[in-house]
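Residue 29 is where the sequence shown starts when you use the working numbering, and the numbers rise one by one after that. For every residue, glycine included, the Cβ atom is placed at its ideal position computed from N, Cα and C.
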Amino acid sequence: LTTSVKDHISTHSNDGSKEITPKQPFIIGVAGGTASGKTTVCNMIVLQLRDQRIVLDSFYYSLNDKQLEKVHEYNFDHPDAFNTELLLSCMEKLKHGQAVNIPNYDVKSHKCVEPERKVNPSDVIILEGILVLQDPRVRDLMNMKIFVDTDSDVRLARRIQRDTTDRERNIENVLDQYTKFVKPSFDEFILPSKKHADIIIPRGADNDVAIDLIVQHIRTKLGQHDLCKIYPNVFLIYSTFQI
Ligand code: UZR
Ligand code: MG
Numbered sequence: 029l030t031t032s033v034k035d036h037i038s039t040h041s042n043d044g045s046k047e048i049t050p051k052q053p054f055i056i057g058v059a060g061g062t063a064s065g066k067t068t069v070c071n072m073i074v075l076q077l078r079d080q081r082i083v084l085d086s087f088y089y090s091l092n093d094k095q096l097e098k099v100h101e102y103n104f105d106h107p108d109a110f111n112t113e114l115l116l117s118c119m120e121k122l123k124h125g126q127a128v129n130i131p132n133y134d135v136k137s138h139k140c141v142e143p144e145r146k147v148n149p150s151d152v153i154i155l156e157g158i159l160v161l162q163d164p165r166v167r168d169l170m171n172m173k174i175f176v177d178t179d180s181d182v183r184l185a186r187r188i189q190r191d192t193t194d195r196e197r198n199i200e201n202v203l204d205q206y207t208k209f210v211k212p213s214f215d216e217f218i219l220p221s222k223k224h225a226d227i228i229i230p231r232g233a234d235n236d237v238a239i240d241l242i243v244q245h246i247r248t249k250l251g252q253h254d255l256c257k258i259y260p261n262v263f264l265i266y267s268t269f270q271i
């Protein structure tokens, strides 16, 4: 704990010159169809690791008035609905030890609202969202790629339940959006991204064994990962590994 940041910065390079490379966090991506249990899986991992999580939904573009008038024709499941450039720049900053402000997207108004959320650099960063394994530039940031694989009927049933309660939509809208956009985009973009995953979790959050294995693996990796002692909050995480 008393060792300084400087001690954890590697100074070796092939040509013998001293070159300072900042240590980088362990980045985990969690993808999966809508209502597959991504959020629950992440919460379970976070609970055990006390790390930071970033949700792709925060990077939705705010809709303008014209788009809001025809909101039922807007495809929220298409890669173009997200500000991937902003996501990449935030992740890049976190990788280099800088804190970032993440937009606060509101699914009810389809707009970013104040205040933004501050995310501090940390040893483990989880990036969660339907399309996080779809863009190669986003995938390249990750040290571990997870796909939460839950039966489509189960997901649709949960989606109806969630959107009609939490998101205050009516069932016709939910089903209409599902057939028009959610399912076709799942088939076109999300499902094909599964092949990039290192780990596929069948049955999502019901799969305690898979989640325990993942947490165990992250702990082992962090022990070896030369980066885990740089930030003050890291020690908290690190100390739990020693127990
Ligand atoms: P998860 N979504 C909305 O319903 N409204 C918005 O303003 C923004 C997103 C939905 C989006 C996607 N699609 O299927 C889902 N639609 O949020 C992703 N239609 O969230 O991964 O938690 O299911
Ligand atoms: Mg979610």
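Does DSSP classify residue i as helix, strand or coil?
i: SER32; result: Because SER32 carries a pLDDT of 33, less than 50, the predicted location of this residue cannot be relied on, and no value is offered for it.
i: PRO260; result: Only weak support is given to the placement of PRO260: the predicted model assigns it a pLDDT of 34, under 50, and the value that follows is read from those uncertain coordinates. Helix, per DSSP.
i: ARG186; result: helix
i: PHE104; result: coil
i: VAL135; result: coil
i: ALA127; result: coil
i: ALA109; result: helix
i: GLY61; result: coil
i: GLY251; result: helix
My guess is that residue i and residue j are in contact by the Cβ rule of under 8 Å, so how many angstroms apart are they, rounded?
i: PHE54; j: ASP151; result: 6 Å
i: ILE229; j: ASP177; result: 6 Å
i: LEU122; j: ILE153; result: 6 Å
i: ILE56; j: MET172; result: 5 Å
i: ASN132; j: GLU144; result: 6 Å
i: LEU159; j: ALA59; result: 7 Å
Whole angstroms are fine: how far does the CA of residue j sit from the CA of residue i?
i: ASP191; j: PHE209; result: 15 Å
i: GLU97; j: ASP234; result: 39 Å
i: LYS94; j: ILE239; result: 43 Å
i: PRO220; j: ASP179; result: 15 Å
i: TYR88; j: ARG167; result: 18 Å
i: ILE73; j: ASP105; result: 25 Å
i: LYS223; j: GLU200; result: 33 Å
i: ALA127; j: GLU120; result: 10 Å
i: CYS70; j: LEU161; result: 15 Å
i: GLY157; j: VAL237; result: 22 Å
i: LEU203; j: LYS249; result: 42 Å
i: ASP85; j: ILE246; result: 24 Å
i: GLU18; j: ALA63; result: Because the chain spans 29 through 271 in this model, residue 18 falls outside it and cannot be assessed.
i: GLY251; j: LEU241; result: 15 Å
i: ARG165; j: ILE188; result: 32 Å
i: ARG195; j: LEU77; result: 29 Å
i: ALA109; j: SER213; result: 12 Å
i: LEU91; j: GLN52; result: 34 Å
i: ASP4; j: HIS124; result: With the chain covering 29 to 271 only, the question about residue 4 has no answer from this structure.
i: LYS136; j: GLY61; result: 20 Å
i: ASN198; j: PHE175; result: 29 Å
i: GLY232; j: LEU184; result: 14 Å
i: LEU169; j: GLN244; result: 21 Å
i: CYS140; j: VAL99; result: 16 Å
i: HIS138; j: ASN103; result: 12 Å
i: ILE130; j: PRO149; result: 13 Å
i: LYS211; j: SER117; result: 29 Å
i: THR68; j: LEU75; result: 10 Å
i: LYS66; j: ILE227; result: 13 Å
Determine, for residue i, whether the minimum Cβ-Cβ distance to residues of chain D falls below 8 Å.
i: THR178; result: Among the protein chains of the structure shown there is no chain D, as only one such chain exists.
* To do: Report the residue ranges of all beta strand (DSSP E) runs contained in full by the region 138 to 183; include only those spanning at least 3 residues, in chain order.
  => The beta strand (DSSP E) runs lying completely inside the region 138 to 183 and spanning 3 residues or more are 139 to 147, 152 to 156 and 172 to 177, given in chain order.
* Listed by chain order, which residues have C-beta atoms less than 7 Å from any heavy atom of the ligand UZR? -> Taking every residue with its beta carbon within less than 7 Å of a heavy atom belonging to the ligand UZR gives, in chain order, THR62, ALA63, LYS66, THR67, ASP85, TYR88, PHE104, ASP105, VAL135, HIS138, GLY157, ILE158, ARG187, ASP191, ARG195, GLN205, PHE209 and VAL210.
* **Segments assigned beta strand (DSSP E), at least 3 residues, entirely inside the region 192 to 246** => Runs found: 227 to 230.
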